[in-house]
Amino acid sequence: MATFVIGDVQGCFAALMQLLTKIQFNPKRDKLIFCGDLVNRGGQSLAVLRWVYAHKNSCKVVLGNHDLALLAQFYIPKMRKSDNVELQRIFHAKDCQLLINWLRTQKLLIYTKKYNKVIVHAGIYPAWSLKRARKEAKKIEQQLLKKPEKLFNKMYGAKPNHWSTSLSGMDRARFVINSLTRMRFLYKNGGMNLKAKGDIATFPRLIPWFSYQPRKKIKPQIIFGHWSALGLFKNKNVICIDTGKVWGGELSALKLNKTIKKSKHIVQV
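Quick look at the structure:
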């Protein structure tokens, strides 16, 4: 039995099938954890959703910003963009409601004690302990199940960009979602910058979330996606596996082990 974490698929269904063939995935024996962003831009998002749903007993998903965008547009139709044919195809599919109901039951953070790993789409805010991150993620997961329309109606926005335990309501929910699904860089004062995208060297005045100090110590290794400009990246106790398949890069699978060596545990197509 093996467990693999899969990087950002973003609708690249053919590549996903090639990758699963390469790792010799057996749904009766193996497990998959998707690192978020199953959908958007790759052209085959509906096929990706249908495949993961069909294999839901051997698959887990942490939600990414594109997955949340799909859910938001389903529940708040005025958010839909007519020129996004890929997502429109999902909304008009006969099994759309089934897929949406399943997708909103997925997690924002997964901790696997067996391998001592944390899987999240974008990252964990530096001021958070693992306990805090899990607690805040759980609250959002519960809102997705109970009041998705209320959550999605006010989900978008860049403020607040500083953490405080005094945050409440949608301000708190928005900060948590942004941290777990959108974060890359922080300002020197600890505020999140949600606009900057690209290589670390491109933004010398900003700090990657995993390099910010002070940062709460989290012993388990954090596996994340979202940041394709990093490519396959390992730094101390974090590893990025978004290798930008949708941008002409590769789709990566990371075989979980308590000690990960990139050359031994990474498979790409």
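By full-length UniProt numbering, the letter at position 60 of the sequence shown is numbered 60, and the numbering carries on one by one without gaps.
C-beta atoms are modelled at their ideal positions from N, C-alpha and C, and glycine is treated no differently.
Predicted model only: the values in this text are computed from it and were never measured.
Cα separation between residue i and residue j?
{"i": "D8", "j": "K60", "result": "13 Å"}
{"i": "W128", "j": "L103", "result": "26 Å"}
{"i": "I76", "j": "R89", "result": "16 Å"}
{"i": "N65", "j": "M1", "result": "30 Å"}
{"i": "K216", "j": "I124", "result": "10 Å"}
{"i": "V85", "j": "G36", "result": "21 Å"}
{"i": "F13", "j": "I33", "result": "16 Å"}
{"i": "H92", "j": "F74", "result": "10 Å"}
{"i": "R29", "j": "R172", "result": "39 Å"}
{"i": "T243", "j": "A54", "result": "25 Å"}
{"i": "R80", "j": "V246", "result": "21 Å"}
{"i": "K113", "j": "N189", "result": "33 Å"}
{"i": "K94", "j": "P208", "result": "42 Å"}
{"i": "V52", "j": "L16", "result": "10 Å"}
{"i": "V62", "j": "K78", "result": "25 Å"}
{"i": "S166", "j": "L256", "result": "37 Å"}
{"i": "W163", "j": "A133", "result": "12 Å"}
Looking at the strands, I want to know which residues DSSP matches up with residue i.
{"i": "F185", "result": "N193 and P208"}
{"i": "L254", "result": "V5 and I266"}
{"i": "V48", "result": "V48 pairs with nothing; no bridge assigned."}
{"i": "Y111", "result": "V118"}
{"i": "N84", "result": "DSSP output for N84 lists no bridge partner at all."}
{"i": "V39", "result": "Partner(s): none; V39 has no beta bridge."}
Beta strand (DSSP E) containing residue i: first to last residue?
{"i": "Q221", "result": "Q221 to F224"}
Grab the span of the alpha helix (DSSP H) containing residue i for me, first residue to last.
{"i": "L19", "result": "F13 to K22"}
{"i": "C96", "result": "C96 to L103"}
{"i": "K138", "result": "L130 to K146"}
{"i": "N65", "result": "N65 to Y75"}
Is it true that the region 150-164 meets the region 232-239, where meeting means three or more beta-carbon pairs spaced less than 8 Å apart?
No, the region 150-164 does not touch the region 232-239.
Taking contact to mean 3 or more Cβ pairs, one atom from each stretch, closer than 8 Å, check whether the region 130-147 and the region 247-256 are in contact.
no
Using 8 Å as the Cβ pair cut-off and three pairs as the minimum, do the region 174-185 and the region 156-165 touch?
yes
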